[in-house]
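A short write-up of the structure that comes next.
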């Protein structure tokens with residue numbers, strides 16, 4: 001308290017004016033100069049403050065503030081001197097100067113410590129250089145941007161072409177706003193002007209675009225995809241503004257936001273009208289095919305039934321009159337032998353021979369029809385063994401004949417053993433018959449490779465046939481030899497062919513007159529499964 | 532009736548004549564009774580219809596039965612014969628033109644004792660008839676020699 005009282009005390013000192021003998025000219029010189037200096041100092045400080053406040057971005061901004069304070073302090077000491085021209089408060093002046101000294105020293109220190117950092121601030125040429133570099137970089141980036149823009153444009157163009165070619169378009173829909181954007185290709189598919197659907201709420205248009213019958217299903221598919229945040233797929237018809245009906249297949253995915261809620265739907269739509277039409281045609285075709293197959297099956301089954309009853313009546317009724325003819329011819333020969341001359345007897349013999357031949361024909365025909373009607377069974381068995389057994393029977397029927405049998409053993413097939421035995425019997429009977437005019441004969445059975453698939457064969461060295469007539473070989477009642485030459489009804493090979501065909505196989509023959517004949521046949525592996 | 536009858540069930544007079552001829556030619560002395568349709572055959576055997584008033588017939592030693600018969604066919608006759616106590620054991624030989632498997636199977640299932648297909652060739656038929664006669668009339672022993680109609684009086 002004492003100190004502060006003292007501070008305002010002139011303490012008996014003489015003011016500066018006294019030192020100047022109160023010379024008014026000198027006093028005014030001091031007053032004006034000191035005042036101007038102080039004002040100038042304050043003005044500079046004010047400018048510095050203002051600058052520092054407005055340019056807060058400048059590094060070491062606080063340094064301006066510090067210099068401002070320092071200058072204000074300096075300015076105040078000059079004002080103090082003007083004051084003390086009259087008042088001689090030298091303690092106060094001293095305190096003011098001491099404070100100024102402290103601030104000055106502080107400022108000097110701060111300046112000194114900040115200098116290295118200040119020196120690091122780039123100079124103007126460096127700025128210019130950096131600027132130039134930056135500009136080059138910007139130009140370069142601009143160029144790159146242009147290039148990638150061009151690439152992007154080309155990509156878009158390619159994508160557009162691809163979409164057009166695939167009759168396909170892409171779409172994206174914001175779930176919260178319901179706004180959609182379609183590619184122009186998609187708009188084209190729907191018959192809309194390009195740009196119609198661009199950040200557009202389609203909830204009003206959509207029901208007019210989709211076929212009313214299909215709308216509920218599409219909406220349901222979308223709702224389900226949104227519900228489960230999963231993939232979406234739907235096929236539906238659209239009605240274009242021109243009235244044309246098209247099929248669209250749409251597929252997409254729901255893209256969730258960070259919280260797993262549906263955010264956007266993105267997908268593609270394809271015009272599948274052509275496929276749909278083809279599918280429809282295919283279905284129609286299939287249906288009509290199935291209908292026709294059913295019809296044919298019914299016809300076939302009817303034909304089979306008719307054939308069965310026909311064979312049955314043939315079996316019963318056709319043979320009875322033959323027996324009568326034959327029986328009474330014989331009765332005539334026996335009972336009226338004395339009334340018949342040799343010619344009459346020969347006629348009767350001819351009648352009997354023809355009757356018996358007709359009986360044989362009927363039997364053969366019945367066998368042929370039986371082969372057609374019989375239910376096909378499926379077993380794997382040794383065909384070679386069947387051939388050997390038939391060969392033994394033939395040999396036993398005419399033990400005097402010299403026939404060399406060459407039977408390849410162990411050839412197994414899958415098929416109907418009974419029917420295939422019938423086929424083998426007929427083929428071997430033929431070989432046996434057509435070699436009967438030779439003193440010695442050779443008959444073979446085996447398996448051979450024929451154009452890459454295996455075929456069984458029955459080969460003989462008998463009379464053979466003219467290959468020009470080979471096409472008649474397998475027809476019923478077709479014979480390439482007269483009955484006088486070789487007896488037969490011409491049903492045997494027709495029967496064989498039917499057996500082989502029923503097994504899904506093929507039969508053909510190779511021969512030359514007097515050089516024997518070889519009959520080839522195939523039995524597919526899967527014949528058993530075909531039943 | 533010491534040698535026993537042969538009952539021939541045959542509707543075709545030609546076949547009847549030939550069968551009878553063949554049996555006679557084979558020196559089979561037994562009496563041959565001919566009936567011409569299925570109903571007549573059943574009536575004859577069971578003493579029904581036209582045969583009601585006649586005395587009970589001597590049961591045949593063998594029945595030669597055709598399959599294709601008017602009114603009641605051969606299989607129907609067989610069914611009736613086998614269903615009746617008096618006739619169920621009489622040997623029945625099916626004589627048919629048919630060799631259809633279904634006919635043979637049905638005939639045997641219904642209790643036929645034999646199935647013979649009538650050959651077209653009459654000479655073969657003669658052989659068959661002779662063999663049939665010899666077998667069924669001479670060689671084969673019937674299950675019962677007693678006439679089931681000769682019941683002991685009460």
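Residue numbers (the numbering used here), protein chains in the order written: chain A, 1 to 531; chain B, 532 to 685.
From the three backbone atoms N, C-alpha and C, an ideal C-beta is built for every residue, glycine too.
Source: prediction; values computed, not measured.
Does any residue of chain B have a CB that is nearer than 8 Å to the CB of residue i?
i                      : result
residue 495 of chain A : no
residue 517 of chain A : no
residue 323 of chain A : yes
residue 359 of chain A : yes
residue 312 of chain A : yes
Output yes or no for whether 8 Å exceeds the beta carbon distance between residue i and residue j.
i                      : j                      : result
residue 251 of chain A : residue 211 of chain A : no
residue 550 of chain B : residue 577 of chain B : no
residue 625 of chain B : residue 645 of chain B : yes
residue 267 of chain A : residue 253 of chain A : yes
residue 447 of chain A : residue 408 of chain A : yes
residue 262 of chain A : residue 226 of chain A : yes
residue 537 of chain B : residue 622 of chain B : no
residue 319 of chain A : residue 651 of chain B : yes
residue 415 of chain A : residue 460 of chain A : no
residue 69 of chain A  : residue 42 of chain A  : no
residue 39 of chain A  : residue 64 of chain A  : no
residue 178 of chain A : residue 201 of chain A : yes
residue 600 of chain B : residue 545 of chain B : no
residue 596 of chain B : residue 641 of chain B : no
residue 604 of chain B : residue 315 of chain A : no
residue 473 of chain A : residue 428 of chain A : no
residue 470 of chain A : residue 509 of chain A : yes
residue 169 of chain A : residue 157 of chain A : no
residue 572 of chain B : residue 608 of chain B : yes
Give the interface partners of residue i over in chain A, defined as CB-CB distance under 7 Å, in chain order.
i                      : result
residue 628 of chain B : 315, 316, 319, 320
residue 651 of chain B : 319, 322, 323, 326, 355, 356, 359
Determine whether the Cβ of residue i lies closer than 8 Å to any Cβ atom of chain A.
i                      : result
residue 545 of chain B : yes
residue 549 of chain B : yes
residue 654 of chain B : yes
residue 631 of chain B : yes
residue 599 of chain B : yes
Grouping DSSP H, G and I as helix and E and B as strand, with all else coil, what is residue i?
i                      : result
residue 175 of chain A : coil
residue 322 of chain A : helix
residue 418 of chain A : helix
residue 569 of chain B : helix
residue 595 of chain B : strand
residue 14 of chain A  : coil
residue 612 of chain B : helix
residue 136 of chain A : helix
residue 618 of chain B : coil
residue 503 of chain A : coil
residue 375 of chain A : coil
residue 605 of chain B : helix
residue 477 of chain A : coil
residue 424 of chain A : helix
Going along chain B in order, which residues have a C-beta closer than 9 Å to the C-beta of residue i?
i                      : result
residue 488 of chain A : In chain order: nothing, as chain B lies at least about 17 Å away.
residue 217 of chain A : The premise fails here: residue 217 of chain A is roughly 58 Å from chain B at the closest Cβ pair, so nothing lies under 9 Å.
Per DSSP, what are the beta-bridge partners of residue i in this structure?
i                      : result
residue 61 of chain A  : Paired residues: none, contrary to the question.
residue 564 of chain B : B/538
residue 219 of chain A : DSSP lists no partner for residue 219 of chain A.
residue 510 of chain A : A/518
residue 170 of chain A : A/268
residue 247 of chain A : A/237
residue 200 of chain A : A/180
residue 448 of chain A : A/455
residue 405 of chain A : A/443
residue 412 of chain A : A/382
residue 103 of chain A : None, per the DSSP bridge assignment.
residue 253 of chain A : A/266
Name the chain B residues whose beta carbon is nearer than 7 Å to that of residue i?
i                      : result
residue 331 of chain A : 552
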